[in-house]
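Participant: Take a look at the following structure, please.
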Amino acid sequence: MELFRDYTVEQALQHTYLMDIVLAFTSLHSASKASEASTVHEHVAAALHYQNRSITEFNETQSLVKISEESFDPVCLMTSLHTVTTLVAALTPATPGEQLEPIVEIVKRVRTYALCLMDMVKGHRVWAEKSELKRITDSPTVLRIEEGHSFSADQMRELTDAILANIDLDDSETPFFRTTLEQLEKSYANNNGRSVISWLVLVEPIFFQKAELGETAALVILACWGTLSVILEDIWWSKYAGRRIVEELSSQFNGCDSRWNGIMQWCYKQARIHGL
């Protein structure tokens, strides 16, 4: 993580559009830790200012259709940080009692950024494979799996099996949601059990339509994805966003079939949400 952070700062010193999104990211980190409403508002406002300025500067100096080998890394870093800041900013109330937009809408917008990043890497695979960013992310210090893994593959399978057992009671939906859960397991495996963020680009768009319609199984899977983001990744924004997702979704489970209670109580416990 230190290697990634240091390289990001090094690149940001050379590209103002990257520096500004780094400042936005830092402002949101401060907002996530602030206790005073006025301080939160100040940091969120600063973050949005820097994020908008980053976009303006990028449009003035770069273009997604004119990426060069030299600009590939900073553009990837910028896109990654825009993905994160979009997620965290949307989940951070700038004022007490502020009504957030629906969680599904937030996640769909973040998915768009993630798909953009994926397409960019695919479209410039030769550059991606020999980039400094690739070397850093593939380094042993980044890939090392720590002992005492926070959530094992067996636990992951137990979770998806428990969800499927409940969905089986409505067997017409089982095939689709089985595939959705397999994609969640694939994301877990592809990231060595350290992240499930990539699930956003694996899952079919119709999943989000089902979640928007309030289908309980889809909402439960989304809550579990948020919970896994809290458990797996030892980085502030993933824990913060995951917890906020579970917290915001909780009201939609009022009155749902009691067979989902066990899984949702597990989500609340892991995300450290009390009183639900």
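Just so you know, we're using the numbering used here here: the sequence shown kicks off at 923 and counts up by one.
For glycine and all other residues, C-beta sits at the position ideal for the given N, C-alpha and C.
In whole angstroms, give me the CA-to-CA distance for S1173 and W1182.
Facilitator: 14 Å
Participant: How close, in whole Å, do the beta carbons of L1081 and R1100 come, if the pair is a contact with beta carbons under 8 Å?
Facilitator: Between L1081 and R1100, the beta carbon gap of about 14 Å keeps them out of contact (Cβ cut-off 8 Å).
Participant: So with Cβ pairs under 9 Å, would you call M1078 a contact of chain C?
Facilitator: The structure shown contains no chain C, having only a single protein chain.
Participant: Determine the closest residue to A1139 out of D1179, E992 and S1120, with distance taken between C-alpha atoms.
Facilitator: D1179
Participant: With a CB to CB cut of under 7 Å and the five nearest residues on each side skipped, what residues in its chain are close to L1124?
Facilitator: Q1105, K1108 and S1109
Participant: What's the C-alpha gap between N1113 and S1151?
Facilitator: If I take the Cα positions, the gap works out to 12 Å.
Participant: For the putative contact between T1014 and S954, defined by C-beta atoms under 8 Å, what is the C-beta separation to the nearest angstrom?
Facilitator: 7 Å
Participant: What would DSSP say about P1015, mapped onto helix, strand or coil?
Facilitator: coil
Participant: Do you know how far the Cα of I1028 is from the Cα of S1160?
Facilitator: 14 Å
Participant: Could you give the first and the last residue of the continuous alpha helix (DSSP H) run that contains R1057?
Facilitator: E1054 to T1059
Participant: How would you label Q933, buried or exposed, when you count the other beta carbons within 10 angstroms and need 16 or more for buried?
Facilitator: buried
Participant: Would you check if the distance between the CB atom of L970 and the CB atom of A1011 is smaller than 9 Å?
Facilitator: yes
Participant: Since A1133 and V1168 are thought to touch, with beta carbons under 8 Å apart, how far apart are those beta carbons, to the nearest angstrom?
Facilitator: About 14 Å separates the CB atoms of A1133 and V1168; that is not less than 8 Å, and the two are not in contact.
Participant: Would you kindly check if the distance between the Cβ of I1128 and the Cβ of F1175 is under 9 Å?
Facilitator: Result no, Cβ atoms of F1175 and I1128 do not sit closer than 9 Å.
Participant: When the Cβ atoms of the stretch 1038 to 1054 are set against those of the stretch 997 to 1007, are three or more pairs found closer than 8 Å?
Facilitator: They touch, by the three-pair rule.
Participant: Can you give me the C-alpha to C-alpha distance between T978 and V1043, rounded to a whole angstrom?
Facilitator: The straight-line gap from Cα to Cα measures roughly 22 Å.
Participant: May I have the straight-line CA-CA distance separating M1078 from H1046, to the nearest angstrom?
Facilitator: Counting only the Cα atoms, H1046 lies some 33 Å from M1078.
Participant: Tell me the DSSP secondary structure of E991 in three-state form.
Facilitator: coil
Participant: Does the distance from the CB of A1084 to the CB of I1185 come in under 9 Å?
Facilitator: The Cβ atoms of A1084 and I1185 lie closer than 9 Å to each other.
Participant: Does DSSP put L950 in a helix, a strand or coil?
Facilitator: helix
Participant: Return the chain-ordered list of same chain residues with a C-beta closer than 6 Å to the C-beta of T938, the five sequence neighbours on each side being excluded.
Facilitator: E979
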